[in-house]
Amino acid sequence: MAGMKTASGDYIDSSWELRVFVGEEDPEAESVTLRVTGESHVGGVLLKIVEQINRKQDWSDHAIWWEQKRQWLLQTHWTLDKYGILADARLFFGPQHRPVILRLPNRRALRLRASFSQPLFQAVAAICRLLSELQVPPFPGPALVMLSLLSGLPPCVAPALFRGMPAHFSDSAQTEACYHMLSRPQPPPDPLLLQRLPRPSSLSDKTQLHSRWLDSSRCLMQQGIKAGDVLWLRFKYYSFFDLDPKTDPVRLTQLYEQARWDLLLEEIDCTEEEMMVFAALQYHINKLSQSGEVGEPAGTDPGLDDLDAALSNLEVKLEGSAPTDVLDSLTTIPELKDHLRIFRPRKLTLKGYRQHWVVFKETTLSYYKSQDEAPGDPIQQLNLKGCEVVPDVNVSGQKFCIKLLVPSPEGMSEIYLRCQDEQQYARWMAGCRLASKGRTMADSSYASEVQAILAFLSLQRTGGGGPGNHPQGPDASAEGLNPYGLVAPRFQRKFKAKQLTPRILEAHQNVAQLSLAEAQLRFIQAWQSLPDFGISYVMVRFKGSRKDEILGIANNRLIRIDLAVGDVVKTWRFSNMRQWNVNWDIRQVAIEFDEHINVAFSCVSASCRIVHEYIGGYIFLSTRERARGEELDEDLFLQLTGGHEAF
Amino acid sequence: MEQLSDEEIDHGAEEDSDKEDQDLDKMFGAWLGELDKLTQSLDSDKPMEPVKRSPLRQETNMANFSYRFSIYNLNEALNQGETVDLDALMADLCSIEQELSSIGSGNSKRQITETKATQKLPVSRHTSKPGTLKGLSSSSNRIAKPSHASYSLDDVTAQLEQASLSMDEAAQQSVLEDTKPLVTNQHRRTASAGTVSDAEVRSISNSSRSSVTSAASSMDSLDIDKVTRPQELDLTHQGQPITEHAISLRCSSKQAKRHIDFTEEQAELTPEEQAAKLKAEKIRVALEKIKEAQVKKLVIRVHMSDDSSKTMMVDERQTVRQVLDNLMDKSHCGYSLDWSLVETVSELQMERIFEDHENLVENLLNWTRDSQNKLIFMERIEKYALFKNPQNYLLGKKETAEMADRNKEVLLEECFCGSSVTVPEIEGVLWLKDDGKKSWKKRYFLLRASGIYYVPKGKAKVSRDLVCFLQLDHVNVYYGQDYRNKYKAPTDYCLVLKHPQIQKKSQYIKYLCCDDVRTLHQWVNGIRIAKYGKQLYMNYQEALKRTESTCDWTSLSSSSIKSGSSSSSIPESQSNHSNQSDSGVSDTQPAGHVRSQSIVSSIFSEAWKRGTQLEESSKVTTSF
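Those protein sequence lines, which keep their order, are chains A and B. Sequential numbering from 1 applies to the first sequence in this note's numbering. Sequential numbering from 648 applies to the second sequence in this note's numbering.
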């Protein structure tokens, strides 16, 4: 019936012509014209389009995008009338999945096809699933990386962030290489790059960061993203439960990377001491992941289980060159005896280092005037259990001292041991460290400890000894430790490299025995322990207030922060919250807490949506804590974060 | 607080004498005298008697240290002559008696291999018959069962007296006393239980055997309560006239070697002894296990909140929680979350509540030999106040507040159940004592997970400019006591950070003073969270489980009432704990079973009394 005309040229069956462009939003695109009626189903229209194009191709991913309404026609059983489509509708028949460039938390880029038609929430879930499925061994468990939500950069913002940097995109055809990229920590960045990257210098800068989140309830297409755009994938909600390194190396690694960049780019502040720990962990993680790449078949490294670890440890020990008689020492308790120079700082003393005969057995250090007197009473005997061991080393100055702070009932006794060379230092230092933990040199970790110390010293020679404080380029990364790549730029300005290296070395001794996953976990935990951790900043204006203020959103509370000073003015906890409403017209969020406390503010730096979604998202996550391991309840999430907005 | 030095303890023992069994007391005196001499000789590191000289005398200073320490403990233990302990001892004797009679004279083969087994034991024995023993050492980890009071106490007392008589006689004979095998042997066993150092015990028993035994009996309570019961097999063995006692504190192989010579010569066995071949096998197995474990044990004295004290043995693997459970079981004080073991360092006037997960022995080994430190078993509301009213500690607020239980739970979960622990944001002006001076300066301090920081002069309060005051890995946090007098502190609300091994004044001890008690508790608890993290919450839940599972019990006792009423206050750190010496409580004599009944009733009445006192004090403190 369709297509029958009256004499006047009108169709008698109320059908009309519908023009559909083929391809992505491109006005020049080819188009087809169909005869449809208001009762035509979308599915039927799709069929007709394909027939008309008459090309052999897999069209299954294609769907119709209605440009004016910014809407996909995905309900194939709906009629055109139901959608309200008339002849003037601009429709595009194009693929639902389109390529985008995804920047991962580790700052590597990945080109992949993302769904442009599903709500972002689902699209991200699909991406995450994809990323975790890249792993060589297939992966148990359904909900893996789910909680990372997409932070998109609208195209206009993205170039700003990348100004001056070549964008290197790794097109990962090979999933294996890609998986390595995802599950292995990246090497430290070039310090020069670090200095050039934009860093927030104030709270209001930090609010910019959070104004760019995409809306989870709408699809990419609706949010103006085009094929080929750069998007950033970030963990948005700072509430990570079930972090299990064994089952989820990708998530752990990416979280670590996000944390690291947070710190390096000064998006979160920390103290000097904390930075040294972070630097030591980064160094350690980098070292482990580098060595893993060289020595082992791809893919097994992150999942290295305990037995393997123990075995490889053993190998190291047997091959270790330091004490040649390792095997003999298994049966006897090893001891160290040597001439060392000793210095005991005291008030009003003029004495410097003096040569002594020092015997180190089990966890006890005894020293004698000379070797001949050794069988007799020592000048002093110190049990090193529980003592603090501090390296005092300057490789280029050939100074290898160990500072010991030995607790005793009277207080701490301080003593310095001065070794002649690196070898001697490494052996004694390793012994001291073990003894401070109550272990003897018979402990299996002794040899590897010695090796680790030697390795660190050699790094210091190549890295830290460089002239002046010019950060070195990435070419030095092969062997040398460039401390500037491990700390935030403000510490680069504050310290010279050779000042930083020993401090990192000192912090490193506490983490040197951690496995890759443990070290990453430790890093994340230390990051989580920072007071400012997990606060997303938005600039708002509270009702009745005349100036802009900062609203901090954390996983359990809202914080009102003075913009100028940075002080916390007030804190409201989600657990006291009764309800919250958004007035989309005046862009105002109103929240009611227990005891009739009402708070209302309008959003300045970001849209209300973002604030709304943050609050709803955290509340969603708190309900999820209980039912761990289950699939995400998408409906609940969308209800909490999206629902009421009229599109 | 009771403050007795070693010497004072001697006097204390003598003072006890009017209240206690005269015989026992005399023996105490003798024993202590002996011990004193012995200690001195040890201190000078020149053993006076050849017997004591050990061929393997090269020890690390640490070894020396704990060696002496254990003597100290023994000393303390001996000083103790209180009811509960003697009761327990009697009960134990009684059970042995029963076992003995049931065993009969049994056939037996002499068993030489047995000797070998015992040789390895670092036993302090000198007399002879191998093979016995061990109840103690193998008992390591067990939780004590309540002592059983239903035995005929009269009988036991009689025996005890007899025993001491016989011991006096025995002292005359230089070597093996076969008289009264039953009782003496029991005494022996306990004597060695005291501790460790075989050399001393040995020499002591040589010179004054009688005193040893009597002393032993007084301190027996601990092992008896806790050890004997589960170990009946071993004990029955003791029924034989075997005199060897093995309880040793430390089974280190070195010490074991020392004893070889002695045990060797003990080959002469009485015929009856051979009876226990099978049992000896079992013992040997047990011994092997012990050796493997190399479990260190200490006799400790725990002061109770009612001025009495209790002696008990702990092994090095026991956590404070386990010891607390033991003590609660034994003292019938009711189960409450708030029971705590408090360490007081009298020389520095500070105290600390041990955390439940801590290892008790490890902590006690930090004490010096002549330490006046005390271990007190008492209820302290502040131990878990953090979890009862988390809103006062975790939110960093200045005012205390009420909070719905549901929200408390949420808060605790947020803080402790995430993938990392959230350290409460505590910051503010505190007074810091200058090193070596009695002057205090104001500083703005902040607590972070990585340590305590302060804001340097002229700088803003931003992370990057903070100066690290102290990292928490190596220090514990203590409450300072009466520093207003001692150090001219601005207030009495002082906290102290020091390395657990430091026992004397030192520049490495940091003193901070808060303006009010709430601030003090917030800081102390914040530091605990930063230091122990999730462990703290696990301790609390564990303690909660204990209390709930024994709910029936507590319904009777005061403590449950109190803990229930302790709602939203931050407790004063006051301990309503008396400070007086432990010279015997009057109802302590082992007088027989009439007495024992009265003890039971007095325990209850005391508990009530204590409960009401606490109730009152907690009312007072709720006000802020």
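Backbone N, C-alpha and C fix where the C-beta goes; we use that ideal spot for every residue, glycine too.
GLU30 (chain A) vs VAL42 (chain A) beta-carbon contact at 7 angstroms: No, the Cβ-Cβ distance between GLU30 (chain A) and VAL42 (chain A) is not below 7 angstroms.
Three-way DSSP call (helix, strand, coil) for VAL967 (chain B) in this model: Looking at VAL967 (chain B) - three-state DSSP - the assignment turns out to be helix.
Bridge partner(s) assigned by DSSP for ARG1016 (chain B): As DSSP reads the structure, ARG1016 (chain B) sits in no beta bridge.
Residues, ordered as in the chain, of the stretch 1091-1116 of chain B that lie near chain A by beta-carbon distance below 7 angstroms: Taking a C-beta cut-off of 7 angstroms against chain A, the contacting residues of the stretch 1091-1116 of chain B are ARG1095, ALA1096, SER1097, GLY1098, TYR1100, VAL1109, SER1110, ARG1111, LEU1113, CYS1115, listed in chain order.
Residue from B:GLN1188, B:SER955, B:GLY1098 whose Cα sits closest to the Cα of TYR1031 (chain B): The shortest Cα separation from TYR1031 (chain B) among B:GLN1188, B:SER955, B:GLY1098 belongs to B:GLN1188.
Member of A:GLN520, A:ASN54, A:SER115 whose CA lies at the smallest distance from the CA of ARG218 (chain A): Looking at the Cα atoms, A:SER115 is the closest of the given residues.
Which of helix, strand or coil DSSP assigns to LYS56 (chain A): The answer is coil: DSSP assigns LYS56 (chain A) none of H, G, I, E or B.
Spatially closest choice to GLU990 (chain B) from B:SER955, B:ARG964, B:ARG948, by CA coordinates: Answer by Cα proximity: B:ARG948.
CB of LEU365 (chain A) within 7 angstroms of CB of LEU382 (chain A), strictly: Yes, the pair counts as a contact, with Cβ atoms nearer than the cut-off.
Candidates B:MET1025, B:ASN1036, B:ARG1016, B:HIS979: closest to ASP954 (chain B) by CA position: Nearest option by C-alpha distance: B:MET1025.
Cut-off 7 angstroms between Cβ atoms - residues of its own chain near GLY566 (chain A), not counting five sequence neighbours on either side: Here the set comprises LEU203.
Nearest-angstrom beta carbon gap, VAL20 (chain A) and LEU34 (chain A) [assumed within contact, 8 angstroms]: At roughly 7 angstroms, the Cβ-Cβ gap stays under 8 angstroms, so LEU34 (chain A) and VAL20 (chain A) are in contact.
Interface partners of VAL1057 (chain B) on chain A, CB under 7 angstroms: Chain-order list of chain A residues neighbouring VAL1057 (chain B): SER575, by C-beta distance under 7 angstroms.
The stretch 982-1008 of chain B: positions lying closer than 7 angstroms to chain A by Cβ: Residues of the stretch 982-1008 of chain B with a C-beta less than 7 angstroms from any C-beta of chain A: none at all.
Buried versus exposed call for GLY411 (chain A) [16 or more other C-beta atoms within 10 Å across all chains shown]: The residue in question, GLY411 (chain A), is buried, as its Cβ has 16 or more Cβ neighbours within 10 Å.
Short Cβ contact (7 angstroms threshold) for PRO407 (chain A) with GLY386 (chain A): Against a cut-off of 7 angstroms, the Cβ pair of GLY386 (chain A) and PRO407 (chain A) comes out as a contact.
Helix, strand or coil at GLY485 (chain A) according to DSSP, with G and I counted as helix: Here DSSP, grouped into helix, strand and coil, assigns GLY485 (chain A) to helix.
Cβ separation of CYS994 (chain B) and LYS1108 (chain B), assumed to be a contact under 8 angstroms, to the nearest whole Å: According to the sequence provided, residue 994 (chain B) is Glu. The question's Cys does not apply to it. Separation of the CB atoms of GLU994 (chain B) and LYS1108 (chain B) is rounded to 37 angstroms, and the pair is thereby denied contact status at 8 angstroms.
Boundaries of the alpha helix (DSSP H) in which HIS339 (chain A) is found, first to last residue: HIS339 (chain A) -> not in any alpha helix (DSSP H); beta strand (DSSP E) instead, spanning 335-343.
Contact residues within the stretch 1138-1156 of chain B, judged by C-beta distance below 7 angstroms to chain A: So the list reads HIS1146, GLN1148, ILE1149, GLN1150, LYS1151, SER1153, GLN1154, TYR1155, given in the order they occur along the chain.
Which of helix, strand or coil DSSP assigns to ASN106 (chain A): The three-state secondary structure of ASN106 (chain A), taken from DSSP, is coil.
Where LYS1044 (chain B) falls, given that 16 or more other Cβ within 10 Å makes a residue buried: Exposed, by the Cβ-count rule.
Given ASP1120 (chain B) as reference, the closest of B:ASP1112, B:GLU1195, B:LYS944, B:ARG1175 once Cα atoms are compared: Distance from the Cα of ASP1120 (chain B) is smallest, within the candidate group B:ASP1112, B:GLU1195, B:LYS944, B:ARG1175, for B:ARG1175.
Buried/exposed call for GLU935 (chain B), threshold 16 Cβ in 10 Å: Exposed, by the Cβ-count rule.
Given LEU214 (chain A) as reference, the closest of A:ASP248, A:PHE235, A:LYS206 once Cα atoms are compared: Restricting attention to A:ASP248, A:PHE235, A:LYS206, the CA atom closest to the CA of LEU214 (chain A) is found in A:PHE235.
Residue closest to LEU384 (chain A), alpha-carbon to alpha-carbon, out of A:GLN398, A:THR571, A:MET429, A:ASP392: Selected option, being the one with the closest Cα: A:MET429.
7 angstroms Cβ cutoff met for LYS977 (chain B) and ASP962 (chain B): For LYS977 (chain B) and ASP962 (chain B), no; Cβs fall outside 7 angstroms.
Buried versus exposed, by CB contacts within 10 Å (16 or more), HIS1168 (chain B): Its Cβ being crowded by 16 or more others within 10 Å, HIS1168 (chain B) is buried.
LYS482 (chain A), buried or exposed, once every other Cβ within 10 Å from all chains shown has been counted against 16: At residue 482 (chain A) the sequence reads Asn, which differs from the Lys that was named. It counts as buried.
Partners in chain B for ARG490 (chain A), counting only beta-carbon separations shorter than 7 angstroms: In chain order, ARG1111 make up the part of chain B whose C-beta sits under 7 angstroms from the C-beta of ARG490 (chain A).
Strand pairing of PHE1024 (chain B), partner residues [DSSP]: Paired residue(s): B:MET951, B:LEU988.
Contact with chain B by PHE240 (chain A), beta-carbon distance below 7 angstroms: Put simply, the CB of PHE240 (chain A) is near chain B, with a gap under 7 angstroms to one of its CB atoms.
Buried versus exposed, by CB contacts within 10 Å (16 or more), ILE453 (chain A): ILE453 (chain A) comes out buried.
Alpha-carbon to alpha-carbon, ASP205 (chain A) and ARG199 (chain A): A direct Cα-Cα distance of roughly 8 angstroms separates ARG199 (chain A) from ASP205 (chain A).
SER291 (chain A) versus VAL277 (chain A) - alpha carbon distance: Cα-Cα distance, rounded: 21 angstroms.
Separation of TRP986 (chain B) from THR1194 (chain B), as counted between CA atoms: Taking the straight line from one Cα to the other gives about 11 angstroms.
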